[in-house]
Structures are given as C-alpha cells and as structure tokens.
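In the numbering used here, the protein residues as written are 3 to 255. Below is one structure; the comments refer to it alone.
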C-alpha cells in the first residue's frame, strides 16, 4: 500500500450528509463523542480508510482474527431522513506529511459523496486538574457557520493556541474545497479519557444535529472517574498530613 485508500463496504443512499469526525486526541473527547453517536444512532459501517501513514500494526480481535489499523466511516439516520456520517478510528498519522495527506483524502472523499458540512471534535486542554463543569469552545472556517454555532452556546474567541491533527487540519483545509467546517472542543484536563468533556460536547451536538442521545453510559464513566479522583485527592491529603506530623515530631524532640 503506497497511498491512503478508502474502500466501500456498502454504498449508502445519502441525504444532505453532515460528517462528524472524532479521532483519538486530547482526553479522547473526539473518540468518545463519535463512538457514542455511532452507537446511539445504530450506525452502519460503509467505508474504511487505510493508510501507510498509520502505525505498522494489526489489531487482534476477540474471535481470533485480526485487522489492519484503520479509520471507519459510519452512516447514521437522523431525523427527517438526514444522513449523519461519523468517522471513528484507531489512530492518526504520526508525521506531518501523513496528517496532511490523510486529512485531505478524507475531505475529498466526503465532497465526492455530496457533503457540505464537517464538524470535528477535540479536547481543549485548559487546566491541570479535572474540569467539573467543562465549557465548549469552537473555531469555524466561515463567519456564517460561526454565528450558527454561537447560537447553540459554543464559545468563540476565548480559546487560544494550536489544534493538532484532524480536529484542526480538516476545518482549515476544507475551506479550499467549499465545505463549511468547525472544530468543537470540550474543556478537559489531566484525564486520558474524559467522559465529562465528551458529555458537554454531545449536549451541544444533540441540539445542533437534532438527534436523541442517551447520556447514561457517559454518566457512569463520569461517576467512576470522579470517584477515582476523589480517592486520589483524599489519599494525597492523608499523605501530606502524615508528613506534617513527622515534621512536628522532629521539632518536639
């Protein structure tokens, strides 16, 4: 395999398709959001992307088989027959060349099937501690789309810095292809898997895409995470107390 390729599993009849891209990244917010939408809307896999820019590995499966590392497109049916496409994946390219090549291939493929709107999902690292009430930030490649998203409660102009990988490159590159696009980011900190930030983003997407979402699975992960964090904080306080007690005793002697 010398080039990034996309293979159809099954061609789908699409109606005004919007693409939601959620790949591994900060807090795995994008992956959590995309997988949740795919599962909630009973998405059907219709295309798979393979690339020589992905890691040279195969993934073992529970049935004893194996498959190549990939990104996968799912077709979900929204209300009033609208097609909601979701892109999930195992990884992103590790090199700059790979990032540009793969993300441009995604945009071209989406345009070829009649797509006009792409929403990428990411995490915005804004704190060095767990964020209990995460904000949802955004950037967009058109003023009109920005205004539409601001009406949904997404905050623009307050986040700063760079957006790495597909979450940033796709919206920036999509403008060249006449596709309106935005990156929506959940505020996160510390965690490798931040269900709380993902839930905040999903709450916005639920309204934006006019879809029904059950948050119970994310709420379960959120509660488990917050319990672990609380236990760690309490253990840390106890340890600090022990050190202080030892210091005090040394002064008494």
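Positions of the beta carbon are idealized from the N, C-alpha and C atoms, including for glycine.
Hey, would you say residue i sits closer than 7 angstroms to residue j, going by beta carbons?
i: residue 113; j: residue 77; result: no
i: residue 125; j: residue 31; result: yes
i: residue 109; j: residue 21; result: no
i: residue 122; j: residue 172; result: yes
i: residue 205; j: residue 224; result: no
i: residue 6; j: residue 103; result: yes
i: residue 217; j: residue 201; result: yes
i: residue 72; j: residue 16; result: no
i: residue 139; j: residue 169; result: no
Name the DSSP bridge partner or partners of residue i?
i: residue 89; result: 23, 75
i: residue 158; result: 140
i: residue 175; result: Looking at the DSSP assignment, residue 175 forms no beta bridge with any residue, so it has no partner.
By DSSP, does residue i sit in helix, in strand, or in coil?
i: residue 149; result: helix
i: residue 189; result: strand
i: residue 227; result: helix
i: residue 206; result: helix
i: residue 3; result: coil
i: residue 182; result: strand
i: residue 43; result: coil
i: residue 103; result: helix
i: residue 96; result: coil
i: residue 12; result: coil
i: residue 211; result: coil
i: residue 38; result: helix
i: residue 197; result: helix
i: residue 218; result: helix
i: residue 29; result: helix
i: residue 169; result: helix
Less than 8 angstroms between the CB atoms is what I'm expecting for residue i and residue j, so what's the real figure, rounded?
i: residue 192; j: residue 132; result: 6 angstroms
i: residue 94; j: residue 167; result: 5 angstroms
i: residue 157; j: residue 137; result: 6 angstroms
i: residue 52; j: residue 70; result: 6 angstroms
i: residue 11; j: residue 49; result: 6 angstroms
The beta strand (DSSP E) spanning residue i covers which residue range?
i: residue 46; result: 46-52
i: residue 61; result: 60-62
i: residue 55; result: Element bounds for residue 55: n/a, residue is neither H nor E.
i: residue 126; result: 119-127
i: residue 69; result: 68-70
May I ask whether a heavy atom of the ligand ATP can be found less than 6 angstroms away from the beta carbon of residue i?
i: residue 198; result: Inclusion of the ligand ATP in the displayed structure is not the case, the ligand content being empty and no account of it being possible.
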